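Only one structure is covered here, and it is reproduced in the block below.
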Amino acid sequence: MANSGLLGSSIAKKYWMSLTGLFLISFLIVHLLGNLQLLDLSAEGQEQFNIYAKFMTSFPLIKITSYFLYASIVFHAVDGIYLAIQNRKARPERYASYKPNRNSIWASRNMGLLGTIILAFIILHMSQFWYTMHWGEIGMDANGNKDLAAVVIKTYQDGTAGLIMALLYVIAMAAVAFHLYHGFQSAFQTLGINHNRYTPLIKKVGAAFSIIVPLAYAIIPVFVLMAKN
Amino acid sequence: MDLKLKIWRQANTDSKGSLKDYQVKNVSADSSFLEMMDQLNEELIDKGDDPVAFDHDCREGICGMCSMHINGEPHGPESGTTTCQLHMRKFKDGDTIYVEPFRAKAFPVLKDLAVDRAALDRVIQAGGFVSVNTSGNTIDANAIPVPKADADAAFNAATCIGCGGCVAACPNASAMLFVSAKVSQLSLLPQGKVEAKERVTSMVNQMDLEGFGNCSNVGACAEECPVGISLENIARMNREYLSASLTSSK
Numbered sequence: 005m006a007n008s009g010l011l012g013s014s015i016a017k018k019y020w021m022s023l024t025g026l027f028l029i030s031f032l033i034v035h036l037l038g039n040l041q042l043l044d045l046s047a048e049g050q051e052q053f054n055i056y057a058k059f060m061t062s063f064p065l066i067k068i069t070s071y072f073l074y075a076s077i078v079f080h081a082v083d084g085i086y087l088a089i090q091n092r093k094a095r096p097e098r099y100a101s102y103k104p105n106r107n108s109i110w111a112s113r114n115m116g117l118l119g120t121i122i123l124a125f126i127i128l129h130m131s132q133f134w135y136t137m138h139w140g141e142i143g144m145d146a147n148g149n150k151d152l153a154a155v156v157i158k159t160y161q162d163g164t165a166g167l168i169m170a171l172l173y174v175i176a177m178a179a180v181a182f183h184l185y186h187g188f189q190s191a192f193q194t195l196g197i198n199h200n201r202y203t204p205l206i207k208k209v210g211a212a213f214s215i216i217v218p219l220a221y222a223i224i225p226v227f228v229l230m231a232k233n
Numbered sequence: 038m039d040l041k042l043k044i045w046r047q048a049n050t051d052s053k054g055s056l057k058d059y060q061v062k063n064v065s066a067d068s069s070f071l072e073m074m075d076q077l078n079e080e081l082i083d084k085g086d087d088p089v090a091f092d093h094d095c096r097e098g099i100c101g102m103c104s105m106h107i108n109g110e111p112h113g114p115e116s117g118t119t120t121c122q123l124h125m126r127k128f129k130d131g132d133t134i135y136v137e138p139f140r141a142k143a144f145p146v147l148k149d150l151a152v153d154r155a156a157l158d159r160v161i162q163a164g165g166f167v168s169v170n171t172s173g174n175t176i177d178a179n180a181i182p183v184p185k186a187d188a189d190a191a192f193n194a195a196t197c198i199g200c201g202g203c204v205a206a207c208p209n210a211s212a213m214l215f216v217s218a219k220v221s222q223l224s225l226l227p228q229g230k231v232e233a234k235e236r237v238t239s240m241v242n243q244m245d246l247e248g249f250g251n252c253s254n255v256g257a258c259a260e261e262c263p264v265g266i267s268l269e270n271i272a273r274m275n276r277e278y279l280s281a282s283l284t285s286s287k
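Protein sequences appear in the order of chains A and B. Residue numbering for the first sequence follows the numbering used here, beginning at 5 and increasing consecutively. Residue numbering for the second sequence follows the numbering used here, beginning at 38 and increasing consecutively.
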């Protein structure tokens, strides 16, 4: 049974993927700018980061936005899984000879796989930092703020475990890069934005974004790991 | 040239099919892919075997009837070409060629390589028309001004021959390129604009009912389209569907 309107139809499901996806892209920028503070691991730098972490978990407007963000992640994932299942069902018998690389890029056909990797990473990442910040065992810094900087440093400097965590982080960022490479420009096409003048620009910005942003993220755990003395 | 063929054989919709090996010898490089298939079928008939069923009609690239997924691509390796216009000079002596039907839940196999593409007809029936009164008082089409750019875009969309190659190429078996071309060819013109909202809603609804997959902007459809229908049509349909959903009276 098909549904029309803005809830159940195939196109509507894509609108929601697109809108939540674009919102998550905007989050990536804010989250990156905040967490680049971790590139300063001096005592003052760490205290400053803890002040920032406190602000991000207590300022009402940001709290409201964060609930909206969690909802978007869940919605994007659930809608994506639902779409992927429907798409699989739409071709019950596979081709014996299939050469998709001749007509499309790998990332575009594997958004579900890439998304699953990213979701697994988000769960790991939130359990390591978000959960610890809110309800976990966490020390206090000199200012009496929760010492999230110390948690980050411990996570990525903790011997072999730290190395594995940094490695998982980098792998996840590679998945984010491929996911964004297709997803960024795809979001605009889904919303009907396709124009001779602007679409090439959107594609270029998307490609640059998909490389620069995940790379900048990946630098953080590698930097923290390397800063171990 | 001599060729090895791996052809999908399936007795009917409900039976289970499989790839069978065949050989054709002395194929002319100038023959079309369908003529090569004819040559094989004549040999099969001479031997008393069941010939391979495949769709074909005009054999000049304009009817959209020929299908076949050849060596991993709908209508074969040459771009911008239907299977009837694909020539054997594109293959080499001794090649092994996979020949499979277009695969989609919405395109059940009738027999061998022939699939039922009536789902596309039902999408058209749902709204791919203009309700013009043709009972004698029709207005001359030339009396209605149409901007050149719109006329060109509508014409380009209307070149879609409805072969279903887009569905066959799409990893999700989505029919968005076909439906969007058929929506665009009408909605871009004044005669079609009147019913644009109802049209896009009904056609998308029927497309979903038929069990086609969802568009994930992979773009394989446009790459494989024998007549070069562009992804701009899908964007246009996305726009129209959004606007229709928000503003239609229903």
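All C-beta atoms, glycine included, are put in the ideal place defined by N, C-alpha and C. This structure is a prediction, so every number in the text was calculated from the model and none was measured.
- Between leucine 28 (chain A) and the set A:Gly163, A:Phe188, A:Ile224, A:Leu229, the nearest pair of CA atoms involves A:Phe188.
- It is roughly 15 angstroms from the alpha-carbon of serine 221 (chain B) to the alpha-carbon of glutamine 162 (chain B).
- Your pair phenylalanine 144 (chain B) and aspartate 153 (chain B) checks out as a contact, with CB atoms roughly 6 angstroms apart and the cut at 8 angstroms.
- Taking a 10 Å sphere around the C-beta of valine 160 (chain B), we find 16 or more other C-beta atoms and assign the residue as buried.
- In the DSSP assignment, aspartate 245 (chain B) falls within the unbroken alpha helix (DSSP H) covering 233 to 246.
- Per DSSP, the continuous beta strand (DSSP E) segment holding leucine 42 (chain B) begins and ends at 40 to 46.
- If only uninterrupted alpha helix (DSSP H) runs of at least 4 residues are considered, those enclosed by the stretch 43 to 86 of chain B are 70 to 83.
- Bounds of the alpha helix (DSSP H) holding threonine 203 (chain A) are 203 to 230.
- Taking C-beta atoms as the reference points, phenylalanine 53 (chain A) and alanine 153 (chain A) count as a pair closer than 8 angstroms.
- Here methionine 21 (chain A) is near glycine 84 (chain A), since their CB atoms are less than 8 angstroms apart.
- A distance below 7 angstroms between beta-carbons, with the five flanking residues on each side excluded, links serine 55 (chain B) to the following residues of its chain, in chain order: Arg46.
- Around the beta carbon of tyrosine 221 (chain A), 16 or more other beta carbons sit within 10 angstroms, so the residue counts as buried.
- Chain A has no Cβ within less than 8 angstroms of the Cβ of tyrosine 59 (chain B).
- With fewer than three CB-CB distances shorter than 8 angstroms, the stretch 261 to 274 of chain B does not count as touching the stretch 127 to 144 of chain A.
- In this structure, DSSP gives glutamate 260 (chain B) a helical state, which the three-state scheme calls helix.
- The residues Asp39, Leu40, Leu42, Met73, Gln76, Leu77, Glu80, in chain order, have a CB closer than 8 angstroms to that of valine 61 (chain B) in the same chain once the five nearest residues on each side in sequence are set aside.
- Glycine 202 (chain B) and threonine 238 (chain B) have their C-alpha atoms spaced approximately 23 angstroms apart.
- Taken in chain order, the complete alpha helix (DSSP H) segments of 4 residues or longer contained in the stretch 110 to 176 of chain B are 155 to 164.
- In its chain, beyond the 5 residues on either side, Tyr56, Met60 have a beta carbon closer than 8 angstroms to the beta carbon of glycine 38 (chain A).
- Within 7 angstroms of the CB of proline 96 (chain A), the CB atoms of chain B belong to Lys142, in sequence order along the chain.
- When rounded, the separation of the alpha-carbon atoms in serine 214 (chain A) and glycine 148 (chain A) is 38 angstroms.
- The three-state secondary structure of methionine 102 (chain B), taken from DSSP, is coil.
- B:Leu223 is the residue among B:Ala210, B:His106, B:Leu223 whose C-alpha sits nearest the C-alpha of phenylalanine 192 (chain B).
- Closer than 8 angstroms at the C-beta level to chain B, one finds these residues of the stretch 190 to 224 of chain A: Ser190, Gln193, Thr194, Leu195, Gly196, Ile197, Asn198.
- A direct Cα-Cα distance of roughly 12 angstroms separates leucine 26 (chain A) from histidine 186 (chain A).
- Of all residues in the stretch 156 to 183 of chain A, none is placed with a Cβ closer than 9 angstroms to any Cβ belonging to chain B.
- Taken through DSSP and simplified to helix, strand or coil, isoleucine 107 (chain B) comes out as strand.
- Taken through DSSP and simplified to helix, strand or coil, lysine 150 (chain A) comes out as strand.
- Contact between alanine 94 (chain A) and glycine 248 (chain B) is confirmed by a C-beta separation of about 6 angstroms, below the 8 angstroms threshold.
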